[in-house]
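Everything in the sequence shown is counted per UniProt numbering, starting at 1 for the first residue and increasing by one.
Everything below concerns the one structure shown next.
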Amino acid sequence: MNNGPADLKLSVAAVLQRYSSQLAGTTVLLALSGGADSVSLLYISATLQKQFGFLLRCIHVNHRLRPVEETDIDANIVRAHCQKLKVPLTIVNIAPGVIESYAEQHKTGIEAAARHFRYRALKRQMRRWSGTWLFLGHTRDDALELALMRFLRGAGPNGLARLPERRGNIVRPLVYTSRAEIEDYVRDRNIEYVYDSTNRDNHYLRNRIRNVLIPLLDREFPFWRTGVLEASFIQSQVSFFLKDAAQNNISWQGFVDSTLQGYQTVCENFFKQPLMVREEALFRAIDVVSSKKSEAFSLNYLNPDGIKLGCAKTVRRSSVRKFALGEVQTLDLPNCRLIRSGEWVKVQEKPQLVSATGFSMTFTTSGTYRVKNVRISIQPMQALVPDRTKTNGQMIFLPCVFRTPQAGDRIMYRGRMRTLAEVRQLEIGDTRDEAYRSEYYIATHYIFEDTLGIAVYMLIDIHSKVHIYWREPVSPTVEKIASFMLEIQIRGNHARRSKR
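This is the structure we're talking about:
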């Protein structure tokens with residue numbers, strides 16, 4: 001028998017009660033897709049925010065993967081709900097084609113690419129509004145689907161562990177609630193919600209599990225849900241044990257080898273540990289090194305699936321196991337390299353690559369660097385922030401990435417997020433002819449991206465003139481936690497700040 005509306009509210013309140021002292025006085029961001037799960041969570045959270053003392057805000061991300069007619073309906077529905085409940089709403093529109101381009105470039109699926117941009121949007125809004133908590137509308141059915149999907153992909157104990165109600169600053173108040181109970185709630189309240197047409201597309205693994213495998217299990221093995229949840233709970237305990245054993249028995253220390261950084265541990269002690277502990281220790285080190293090298297370096301703390309983006313999607317446990325068994329001395333992974341060298345087992349960065357498709361370099365510490373005729377200085381902030389009208393500096397967070405632009409890149413400029421082409425048009429559109437405004441005049445251009453987004457767009461035109469466009473000042477709350485100042489010199493001269 002399904003719970004009624006009052007029972008569902010009590011269930012959510014029971015979850016939030018466990019964090020009541022931490023919720024009080026904070027801003028909570030709720031990811032609002034418009035589906036029954038997130039809409040029901042919106043209504044319940046809106047009624048509970050006064051009781052628990054938090055301020056609720058919503059974000060709706062349009063991935064541009066469905067017809068405009070559908071996504072416009074989604075936006076209108078979530079906007080109407082938020083207006084009715086007097087909850088502030090931010091709608092983020094991903095540029096058309098960006099997700100598909102990212103998926104092709106990174107050899108990943110559309111779902112993973114969409115997740116990348118969705119997490120990036122959530123992270124930016126958390127920064128923008130000084131959000132402390134993120135509410136997600138994952139239900140018990142989502143947890144079951146995720147467990148089946150990870151099992152079929154050969155995940156280890158951490159991947160098979162039960163989807164927790166809380167991970168870091170993420171809370172899932174509906175994780176103990178079934179989808180059927182959610183649908184009863186919105187139906188009884190006559191609350192409108194949207195249905196994503198892509199949920200019927202069995203091209204995606206999750207949809208095949210939901211639309212094909214689960215109906216089969218329900219028909220032939222009606223007890224399967226209890227069994228999977230129990231197995232997930234057991235794997236959670238195994239994961240906790242392995243994490244604790246790896247942390248206590250295998251100690252990693254940082255090292256710098258020429259320009260490469262990484263972590264190393266004593267080989268003799270490493271191979272004394274049980275195989276599963278060795279694997280867990282390696283994955284922990286891989287996560288740290290890869291997250292610094294990956295574009296997703298700033299997104300890991302907002303990954304609801306609890307998997308480090310940038311390495312877990314391509315690192316196979318079977319490959320790491322061969323290294324952990326001592327069968328191979330060196331193992332190259334997408335963002336790092338495992339090496340058994342003398343008395344050390346090392347997990348280190350891979351050399352930076354420059355190719356026809358782009359360039360990327362990650363900075364994790366302050367210092368002065370020279371890269372591609374660009375002198376880069378990243379120094380700790382002083383007690384007083386310099387007046388940026390009198391300096392070439394820009395506040396920046398670490399880690400940050402110096403890279404070539406990609407499709408869909410946007411920078412906060414003149415009061416709103418703009419594409420790089422829009423920024424160029426604003427600055428030179430009034431004084432240059434059409435040919436100069438086109439892509440033709442770009443000889444080289446780079447960007448700096450930190451945890452808040454693109455901080456600097458730097459362009460060198462065909463006449464060797466340098467144009468630098470700085471990100472708009474961030475909110476005072478964010479400024480207080482900024483701790484570094486970025487300065488740029490090109491060819492021995494201080495780069496001029498672009499006019500605004």
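Backbone N, C-alpha and C fix where the C-beta goes; we use that ideal spot for every residue, glycine too.
Relative to the Cα of Leu420, the nearest Cα in the group Ile447, Pro399, Phe402 and Gln394 belongs to Ile447. Membership of Tyr369 in the beta strand (DSSP E) is indicated by the continuous run Gly367 to Val371. Between the region 201 to 213 and the region 83 to 102, the count of Cβ pairs shorter than 8 Å is below three; the stretches do not touch.
Closest option to His138, judged by alpha-carbon separation, among Thr451, Leu275, Ser33 and Thr27: Ser33. Three or more beta-carbon pairs separated by less than 8 Å are not found between the region 118 to 133 and the region 35 to 50, which leaves the two stretches without contact. Note on geometry: alpha-carbon atoms of Thr444 and Arg127 lie some 30 Å from one another. Distance from the CA atom of Gly262 to the CA atom of Glu487, rounded to whole angstroms, is 26 Å. Across the structure, Ala246 and Arg278 are spaced so that their CA atoms are roughly 7 Å apart. Judged by DSSP in its simplified three-state form, Ile286 adopts helix. Cα atoms of Val374 and Thr368: separation of roughly 10 Å, rounded to the nearest angstrom.
At a Cβ-Cβ threshold of 8 Å, Ala75 and Ile59 do not count as neighbours. Boundaries for Ile191: no alpha helix (DSSP H) harbours it, and the DSSP string shows neither H nor E there.
Assignment of Glu111 by DSSP, reduced to helix, strand and coil, places it in the helix class.
Pro274 is bridged by DSSP to nothing; it lacks a bridge partner. DSSP assignment within the region 42 to 125 yields the following whole alpha helix (DSSP H) runs of 4 residues or more, N-terminal first: 68 to 85 and 98 to 105.
Assigned with DSSP and collapsed to three states, Asp201 falls in coil, not helix or strand.
Counting of Cβ neighbours within 10 angstroms places His203 among the exposed residues, the total staying below 16. Around the beta carbon of Leu146, a 10 Å sphere encloses 16 or more other beta carbons of the protein chains shown; the residue is thus reported as buried. Look at the beta carbons and you see the region 156 to 167 touching the region 236 to 243: at least three pairs across the two are nearer than 8 Å.
The continuous stretches of beta strand (DSSP E) do not include Arg321, which lies in the alpha helix (DSSP H) extending over residues Arg317 to Ala324. The beta carbon of Gln235 lies closer than 6 Å to those of Pro157, Leu160 and Ala161 in the same chain, with the five residues before and after it left out. Taking 8 Å as the upper bound for CB-CB distance, Leu216 and Leu148 are not in contact here, some 11 Å apart. Rounded to the nearest angstrom, the gap between the Cα atoms of Ile99 and Phe117 is 8 Å. Around the beta carbon of Val328, a 10 Å sphere encloses fewer than 16 other beta carbons of the protein chains shown; the residue is thus reported as exposed. Here Gln273 has Asn249 and Ile250 as same chain residues with Cβ atoms under 7 Å from its own Cβ, once five neighbours each way along the sequence are excluded.
Annotation for Asp244: the continuous alpha helix (DSSP H) segment containing it runs Trp224 to Asn249. With 16 or more other Cβ atoms inside 10 Å of its own Cβ, Tyr457 counts as buried. Pro405 sits buried, since 16 or more C-beta atoms from the chains shown fall within 10 Å of its C-beta.
The C-beta of Phe397 has 16 or more other C-beta atoms within 10 Å across all chains shown, which makes the residue buried. Val320 and Arg172 have their C-alpha atoms some 32 Å from each other. Rounded to whole angstroms, the gap between the alpha carbons of Lys123 and Asp188 is 34 Å.
Beta-bridge analysis with DSSP links Ser360 to Arg403. Around the Cβ of Asp287, a 10 Å sphere holds 16 or more other Cβ atoms; the residue is buried. In the three-state reduction of the DSSP assignment, Ser377 falls in the strand class.
For Tyr263, the three-state secondary structure derived from DSSP is strand. The Cβ atoms of Leu42 and Leu55 lie no closer than 8 Å to each other.
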